[in-house]
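Novice: Would you mind keeping the following structure in view while I ask a few things?
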Amino acid sequence: MNKDLLKGILFVSAGAASYGVLATIVRLAYNEGYTTAEATVSQYTTGLLVMGFSVLFSAKARRAGGSGDGVAARPGPASARPGDAATEAGKSDAAGNRSYADSKSATTSKSTAAGNRSAVFRLIAGGTAYGLTGVCYYLSVRYIPVSICVILLMQAIWMGIVLDALLERKFPALNKCVAVIVILAGTLLATNAIGNFHELDLRGIIWGIGAALTYTVSLFVANRMALQMHPRQKSFWILIGGTTIILLIWSAQLFSGFQFSIFGKWGLLLALFGTILPPLLLNTGMPKTGIGLGSILISIEIPVSVGSAYLLLNEQVLAIQWAGIVLIIAAIILLNLSTFKKEIGSG
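Going by this note's numbering, the first residue of the sequence shown is number 35, and it counts up by one from there.
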């Protein structure tokens with residue numbers, strides 16, 4: 035196997051697994067008496083600070099190493115002699131060309147700067163969906179088992195298909211329609227909805243579906259906006275939006291009995307697995323695996339989340355639930371198999 039591909043598989047798998055253990059960490063923090071406000075605020079503010087320093091130091095490193103902005107002068111014609119008419123005309127033309135080029139460059143720079151500002155504002159606005167996902171998901175974890183929360187969050191897969199269809203104004207392809215049906219069937223099994231739906235707290239289900247809706251928007255922001263921007267900078271601006279909305283939502287709690295001790299106990303761990311490691315690992319691994327294989331590998335998040343809840347929280351996971359998880363992963367493979375085959379063929 036190609037070494038780069040193997041590295042990519044390891045990076046993407048590790049990134050997905052990081053997301054997978056997150057809900058279990060949140061539940062452990064809840065067990066110590068911490069609240070959703072404390073969990074989300076500590077995670078996002080810590081993550082934003084670390085990501086901000088990362089962007090700052092990487093920018094300084096690029097400047098120190100030379101960004102390659104300087105352009106070496108090209109040698110002129112060796113036959114040109116001072117006083118030669120052709121040479122003087124050439125100098126005049128060159129001066130005119132430089133003036134035009136400078137003017138065009140200045141216009142382009144202004145246009146690029148305006149475009150960058152616009153992209154930043156869109157990312158910050160879109161990042162609010164990322165923050166809302168954290169709030170909804172962690173509230174869901176408070177009321178229902180982690181193994182069911184992650185299944186509800188993964189409804190973002192078929193919601194994303196619906197969103198694409200609405201934006202493109204085109205009916206989804208057959209394989210996508212089949213995948214949606216398989217995901218819904220897998221969800222019924224994975225949540226054991228038929229057997230114990232009446233035992234689940236409705237608040238947890240509502241928050242879980244809310245998390246899936248906002249996660250769908252978050253994925254849209256990550257995959258459709260500011261594609262030319264460096265992934266680390268992009269993550270930073272998205273985090274600003276997410277952190278801002280979280281601070282606004284929990285502003286009252288910040289000044290009323292907020293337990294700042296969570297920063298030392300769980301804040302860094304939550305930030306590490308929720309906002310620091312996954313973007314770095316996924317952004318490093320995805321170019322090596324390609325979108326098709328990468329999207330399939332990301333589904334590792336589901337069994338990791340369920341498995342960690344089983345091992346660390348002693349949550350009961352029935353055979354029928356594992357069968358549902360297998361169906362959902364099969365649907366993800368079905369959705370991305372053709373892309374994976376194309377990437378293999380073109381490679």
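The C-beta atom is built at its ideal place from N, Cα and C for all residues, glycine as well.
Tell me whether ALA260 sits in a helix, a strand or coil according to DSSP, three-state version.
Specialist: Coil, per DSSP.
Novice: Thinking C-beta only, is THR225 closer than 8 angstroms to ILE274?
Specialist: No, Cβ-Cβ distance for ILE274 and THR225 is not below 8 angstroms.
Novice: On the criterion of 16 or more Cβ atoms from any shown chain inside 10 Å, does ARG61 qualify as buried, or is it exposed?
Specialist: Buried is the call here.
Novice: Look at the alpha carbon of GLY81 and the alpha carbon of LYS322, and state the distance between them as a whole number of angstroms.
Specialist: Each residue's alpha carbon lies about 25 angstroms from the other.
Novice: Pick from TYR53, VAL251, SER76, PRO206: whose alpha carbon is nearest that of GLY301?
Specialist: For GLY301, the nearest C-alpha among the options comes from SER76.
Novice: State the DSSP-derived secondary structure class of GLN350, mapped to helix, strand or coil.
Specialist: Reduced to three states, the DSSP call for GLN350 is coil.
Novice: By Cβ distance, which residues of its chain are closer than 6 angstroms to ALA71, with the 5 residues on each side in sequence left out?
Specialist: Closer than 6 angstroms at the Cβ level, and outside the excluded window around ALA71, lie TRP284, GLN287.
Novice: Is it right to say GLY291 is buried, meaning 16 or more other beta carbons lie within 10 angstroms of its own, or is it exposed?
Specialist: Exposed: under 16 other Cβ atoms inside 10 Å.
Novice: Taking Cβ positions, are PHE374 and LEU327 nearer each other than 8 angstroms?
Specialist: Yes, they are a contact pair.
Novice: What's the C-alpha gap between ILE243 and VAL175?
Specialist: If you take the alpha carbons of ILE243 and VAL175, they lie about 12 angstroms apart.
Novice: Could you tell me the boundaries of the alpha helix (DSSP H) in which ASN65 lies?
Specialist: Segment 37-65, the alpha helix (DSSP H) holding ASN65.
Novice: Hey, out of GLY160, LEU44, ALA50, whose CA is closest to TRP271's CA?
Specialist: When each option's Cα is compared against that of TRP271, the closest is GLY160.
Novice: If you measure between the beta carbons of GLY194 and THR250, is that distance less than 8 angstroms?
Specialist: Their beta carbons are under 8 angstroms apart, which means GLY194 touches THR250 by this criterion.
Novice: For a test of the three-state rule: what should DSSP assign to ALA120, helix, strand or coil?
Specialist: The pLDDT assigned to ALA120 is 41, lower than 50, so where the model puts this residue is not dependable; a value taken from the coordinates is nonetheless given after this. Of the three classes helix, strand and coil, the one that applies to ALA120 here is helix, per DSSP.
Novice: May I ask you to verify whether the segment 49-64 touches the segment 339-352, counting CB pairs closer than 8 angstroms and requiring at least 3?
Specialist: The segment 49-64 is in contact with the segment 339-352.
Novice: LYS41: which of GLY319, TYR177, SER295 sits nearest, CA to CA?
Specialist: Per the Cα distances, GLY319.
Novice: Closer than 7 angstroms by C-beta to ILE354: which residues in its own chain qualify, once you throw out the five before and the five after it? Chain order, please.
Specialist: Contacts found: LEU223, ASN226.
Novice: Tell me, please, whether the segment 204-214 touches the segment 227-239 by the rule of three or more beta-carbon pairs shorter than 8 angstroms.
Specialist: No: the two stretches stay apart, fewer than three of their Cβ pairs being nearer than 8 angstroms.
Novice: Take LEU361 and list the residues in its own chain whose beta-carbon comes closer than 7 angstroms to its own, dropping the five residues that flank it on each side.
Specialist: Closer than 7 angstroms at Cβ, skipping near neighbours: VAL216, ALA219, GLY220, LEU223.
Novice: From which residue to which residue does the alpha helix (DSSP H) around LEU315 run?
Specialist: Where LEU315 is concerned, the enclosing alpha helix (DSSP H) stretches over 311-332.
Novice: Are ALA190 and MET263 touching if we call contact CB-CB under 8 angstroms?
Specialist: Going by C-beta atoms, ALA190 is not nearer than 8 angstroms to MET263.
Novice: When DSSP labels each residue in this structure, what does LYS204 get in the three-state scheme?
Specialist: In this structure, LYS204 counts as coil in the three-state DSSP scheme.
Novice: So, for ALA365: in the same chain, excluding its five sequence neighbours on each side, which residues have a beta-carbon less than 6 angstroms away from its beta-carbon?
Specialist: So the qualifying residues of the chain are ALA213, VAL216, ILE217.
Novice: Since I believe GLY168 is in contact with THR278 (beta carbons under 8 angstroms), could you give me their beta-carbon distance rounded to a whole number of angstroms?
Specialist: So it is not a contact: roughly 13 angstroms between Cβ atoms.
Novice: Ends of the alpha helix (DSSP H) at PHE270?
Specialist: Unbroken alpha helix (DSSP H) run through PHE270: 265-283.
Novice: Please classify ALA107 as buried or exposed, where buried requires at least 16 neighbouring CB atoms within 10 angstroms.
Specialist: Low confidence applies to ALA107: its pLDDT is 34, below 50, so where it sits in the model is not reliable, and the reading given next is rough at best. So ALA107 ends up on the exposed side.
Novice: Taking the straight line between their C-alpha atoms, what separation do you get for TRP268 and VAL89?
Specialist: Note on identity: in this sequence residue 268 is Lys, with Trp being the wrong assignment. Straight-line Cα distance between these residues: approximately 10 angstroms.
Novice: Put GLN77 into one of helix, strand or coil per three-state DSSP.
Specialist: Of the three classes helix, strand and coil, the one that applies to GLN77 here is helix, per DSSP.
Novice: Rounded to whole angstroms, how far is the Cβ of ILE334 from the Cβ of ALA63, which I believe are closer than 8 angstroms?
Specialist: Not confirmed; about 23 angstroms, so no contact.
Novice: Roughly how many angstroms lie between the CA atoms of PRO206 and ILE178, to the nearest whole one?
Specialist: PRO206 and ILE178: Cα-Cα distance of roughly 32 angstroms.
Novice: Count the other CB atoms, across all protein chains shown, that sit within 10 Å of the CB of ASN36; report buried if there are 16 or more and exposed otherwise.
Specialist: It is exposed - the Cβ of ASN36 has fewer than 16 other Cβ atoms within 10 Å.
Novice: Give a yes or no on whether the C-beta atoms belonging to TYR171 and LEU157 are separated by under 8 angstroms.
Specialist: In this structure, LEU157 does not lie closer than 8 angstroms to TYR171 by Cβ.
Novice: Within its chain, find whatever has a CB closer than 8 angstroms to the CB of SER329; leave out the 5 residues flanking it on each side and keep chain order.
Specialist: Hits under 8 angstroms: ILE366, LEU369, ASN370, THR373.
Novice: Mind checking VAL196: buried by the 16 CB within 10 Å criterion, or exposed?
Specialist: With fewer than 16 Cβ atoms within 10 Å of its Cβ, VAL196 is classed as exposed.
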